[in-house]
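In the numbering used here, the protein residues as written are 652 to 1331. Just so you know, even glycine gets a beta-carbon here, dropped at the ideal spot from N, CA and C.
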């Protein structure tokens, strides 16, 4: 694969003496403490020997395209080529990280985006991420960017969601390469770049969609680079993304930063101390990371326990509420059935009563209509008679004085007629009582009708008698007129009789008027009763509407019950999911606790054991044989003591070392026992 690199001439680089003079000229306020400076110096001196070989291999094998390589189609040559590329990129990554740490410690302040070693570090990291990327074909053309795998971090690690949102919200970035560079800047500022890339490497089945099988991120070199990136957590960076054009930056490696003089004699004396300090700082970084992760996990577990307890309380309350609602539903169903039965019974009873009352009302109305028509006919006849009598009165006004004697004789007749009127009034009161009984008693309706018919017949007989009496009075008047012609004495008597007759006629007219008024009052009372019956019918209709509304409310309560049941099911599902999450968090906690115990044991081992110098040990600690040219000294990487080759021939992977290292026999047995206990 072809990549662009730029090599700068040695003449442009400053000498070592000039660099030392610049360091002496710096003020003491900006310098770091003595152990950190010694650590940076020794780290750079230890790697000085590997600079020349790395640069030669980068210029010859990995970064310069050979003319004969394109003509060889064999798979072995292609594999060797990719392996050389991976090795060269890993060496360049080591160099850039070491130079960046050294320069940052010498500066003693936060780094800006204009800092050259930091820029070169991002260029090398970008080349590492681009190695082995698959080309994706789209409608626009071919797309090859490393931002695709970085987007997976947001799904795998929710803490990286802030970085993804801030990168997407930047309006200046228009390409995927610019977004990927901004993402790397933000991750370095958060000091979580190594953590995020480690999460990606743990899910290589997802990375296989973006990378080839022999890519750097898919092989062991990717894990080594992630381990090296942990050391960058010592650096504080303040990078501004708004003013920079990340889309159009050219990723060219400047090798002038890595060209240094290899003739340093001071670095051979303190090699062991720098190694111990490197291990110590590495273990402290790991310890800090693990303590942070344990604290986060404990906080998450506390939050989950609280939410679980709240959900359990809500579930208990919901179950109680559902039980109470079911009981209320049963009670409401029973009440609804009772109300229905009562309403049906009451409706039937009211229907029967209304039917009976309507029948009685119709019968009474027919009888009253007949009575009213008869009385109206009588009134018409009496009005005619009254008109005739008024005509007679006009003729006989002049004879009034002569008939005063006849008036006295007629007073007796008036008393008798008053008695008859009293009897008629009593009969009318009886008719009223009978009418009232007809409304209250439906069974005795026929008897009351017969009594009314009898009363009406008697009334008609009495009216006939009155008519006959009127005729008799007319005959008497005729006799009086004949008698007047005969004698004046009889004329006076006739005048009195005529005056009495006039009074009786007037009284009869007043009586008939009173009868008409009473009949009208009875009609009004019947109308009022009819109105009351209509009101009762309206009340029954209102009762039926109320029952319908209660039924609708029952249906609404049923719907609410169904909703509550659905909510209960949803809450049960949420509880099950949270229980599963709690179980998974418990597993993660147990794993993190085991890791913490391992780290504590490593810390104890580091604190308890010191790294012995070569001059202090003359005999092997285990077999106590003296060291010589054939029997050489070897350090145990766990306890720090010096052993011979036979007593320290075992190798194991320690937390402070990514690869297996030399360990003595006693430490080998102890570590194996710990691994077996942890696995059990």
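Annotated three-state conformation of residue 1313 is strand, per DSSP. Taking the Cβ atoms as the reference, residue 745 lies roughly 6 Å from residue 879, within the contact range of under 8 Å. Only residues of its own chain outside the window of five on either side were considered, and among them 743, 744, 747 and 904 have a CB closer than 7 Å to the CB of residue 775, listed in chain order. In its chain, beyond the 5 residues on either side, 737 have a beta carbon closer than 7 Å to the beta carbon of residue 870. Following the DSSP letters along the chain, one finds residue 738 inside the alpha helix (DSSP H) bounded by residues 726-758. A residue is called buried when at least 16 other Cβ atoms come within 10 angstroms of its Cβ; residue 846 meets this threshold and is buried. Unbroken beta strand (DSSP E) stretches of 3 residues or longer found wholly inside the stretch 1277-1313: 1301-1304, given in chain order. Approximately 6 Å separates the beta-carbon atoms of residue 897 and residue 824; this is inside 8 Å, confirming the contact. Our two residues, residue 934 and residue 1308, have alpha carbons roughly 10 Å apart in a direct line.
Note that the C-beta distance between residue 1313 and residue 1287 is below 8 Å. Distances from the CA of residue 874 to each of 848, 1195 and 817 were compared; the closest alpha carbon is that of 848. The alpha carbon of residue 831 has as its nearest neighbour, out of 1232, 843 and 802, the alpha carbon of 802. The bridge partners DSSP lists for residue 762 are 888. Looking from the CA of residue 798, the closest CA among 813, 822, 861 and 827 belongs to 827. Counting other Cβ atoms within 10 Å of its Cβ, residue 834 reaches 16 or more and is therefore classed as buried.
Partner residues in the beta bridge of residue 862, as assigned by DSSP, are 784. Assignment of residue 854 by DSSP, reduced to helix, strand and coil, places it in the coil class. Beta-bridge annotation (DSSP): residue 1066 is not paired with any residue. Residue 1241 is not a Cβ neighbour of residue 945, given a cutoff of 8 Å. Ranked by how close their Cα comes to the Cα of residue 1044, the residues 1114, 1128, 1080 and 860 have 1128 in first place. Contact check for residue 980 against residue 1208 passes: the beta carbons are separated by less than 8 Å. Below 8 Å, enough C-beta pairs join the stretch 963-978 and the stretch 1213-1222 to call them touching: three or more. If you draw a 10 Å sphere on the C-beta of residue 1092, you find fewer than 16 other C-beta atoms in it, and that means exposed. Going by C-alpha positions, residue 1140 is about 19 Å away from residue 1126.
Shown here for residue 1085: same chain residues with a beta carbon closer than 8 Å to its own, the five before and five after excluded, namely 1099, 1102, 1103 and 1106 in chain order. In this structure the stretch 813-824 does not touch the stretch 764-774; the number of beta carbon pairs closer than 8 Å is below three. Nearest neighbour of residue 1110 by Cα position, chosen from 1147, 1156, 1271 and 1163, turns out to be 1163. Ranking 761, 1171, 814 and 854 by CA distance to the CA of residue 883 puts 761 first. Under a 10 Å Cβ-count criterion, residue 1152 is classified as buried, with 16 or more other Cβ atoms of the shown protein chains found around its own Cβ. Distance between residue 899 and residue 829, taken at the CA atoms: about 8 Å. In this model, residue 1198 and residue 1009 are separated by some 26 Å (Cα to Cα).
As computed with DSSP, residue 1270 is found in a beta bridge with 1277. The distance from the Cβ of residue 1050 to that of residue 1175 is about 45 Å, inconsistent with a contact at the 8 Å cut-off. Setting aside the 5 residues that flank it on each side, residue 1284 is surrounded in the same chain by 1265, 1268, 1278 and 1293, each with a C-beta closer than 7 Å to its C-beta; the list follows chain order. Fewer than three pairs of CB atoms, one per stretch, sit closer than 8 Å, so the stretch 945-957 makes no contact with the stretch 1182-1191.
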